[in-house]
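Residue numbers (the working numbering): 145 to 337.
Dropping the structure here:
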């Protein structure tokens with residue numbers, strides 16, 4: 145692993161364990177065993193580092209979502225493919241996902257363009273695939289990204305609320321994925337019926 149990647153992985157681990165606001169450049173440099181100037185050299189600033197982490201999260205998430213959508217033949221299959229695949233991707237890229245999910249719901253100006261981008265790309269991909277699959281998507285006029293936010297919130301509620309505490313338990317993740325699939329396929333009331 146080169147120094148840039150090492151710094152990025154170290155920062156992601158620290159941001160995930162704590163928060164972006166509580167970690168300084170010196171903390172990252174000390175933990176990565178590099179000079180603070182090296183962090184600035186590669187990323188420009190702590191915000192530049194966060195932008196790179198969020199971009200990597202966005203790229204991972206969007207590529208998995210597109211892959212699942214493109215191979216699904218109907219709405220139920222789409223949901224069945226999407227939830228476990230993206231959860232597994234999050235398990236493999238835990239720090240990136242935890243930071244990415246936190247920042248999706250954060251209103252910092254530094255990442256607004258990147259948040260808008262991931263929501264726009266996701267909605268465009270959903271729209272294309274919904275049309276291909278014949279899904280009648282409800283209109284959410286005046287509330288851009290609400291459907292995206294609801295789905296992501298449902299799939300990743302353990303990350304958003306519990307900090308990923310259950311993500312290492314295979315059985316629990318399987319049961320969790322099954323429950324989310326059923327909720328997304330039938331709706332919350334159908335899940336309890």
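Here a beta-carbon is modelled for each residue, glycine too, at the ideal position from N, C-alpha and C.
Distance between residue 170 and residue 157 (C-alpha atoms, nearest Å): 15 Å
Could you give the C-beta distance for residue 255 and residue 194, rounded to a whole number, given that I count them as a contact under 8 Å? 7 Å
Using 8 Å as the cut-off, can you tell me whether the stretch 263-271 makes contact with the stretch 204-223, which would need three or more C-beta pairs spanning the two stretches below that distance? yes
Determine the direct distance from the alpha carbon of residue 310 to that of residue 262, and round the result to whole angstroms. 26 Å
Inspect the beta-carbon positions of residue 234 and residue 300 and report whether they are closer than 8 Å. yes
Three-state secondary structure (DSSP) at residue 240? helix
In three-state DSSP terms, what is residue 313? coil
Please list the segments of the alpha helix (DSSP H) lying wholly inside the stretch 162-237, counting only runs of 4 or more residues, in order along the chain. 169-176, 180-187, 190-215, 219-236
Run the CB neighbour count on residue 143, radius 10 Å, all protein chains shown included, and call it buried at 16 or more, exposed below. The requested residue 143 is not part of the displayed model; the chain covers only 145 to 337.
In the DSSP assignment, find the unbroken alpha helix (DSSP H) run with residue 146 in it and report its ends. Premise fails: residue 146 is in no alpha helix (DSSP H) and is neither H nor E.
Are residue 152 and residue 198 closer than 8 Å when you measure CB to CB? no
Note the first and the last residue of the continuous alpha helix (DSSP H) segment covering residue 260. 256-277
Can you tell me whether residue 181 is buried or exposed, with buried defined as 16 or more other CB within 10 angstroms of its CB? exposed
What is the DSSP secondary structure of residue 252, reduced to helix, strand or coil? coil
Check whether the Cβ atoms of residue 216 and residue 225 sit closer than 8 Å, and answer yes or no. yes
Distance cut-off 7 Å: residue 216 Cβ against heavy atoms of the ligand GDP: Ligands displayed in this structure: none; no statement on the ligand GDP is therefore possible.
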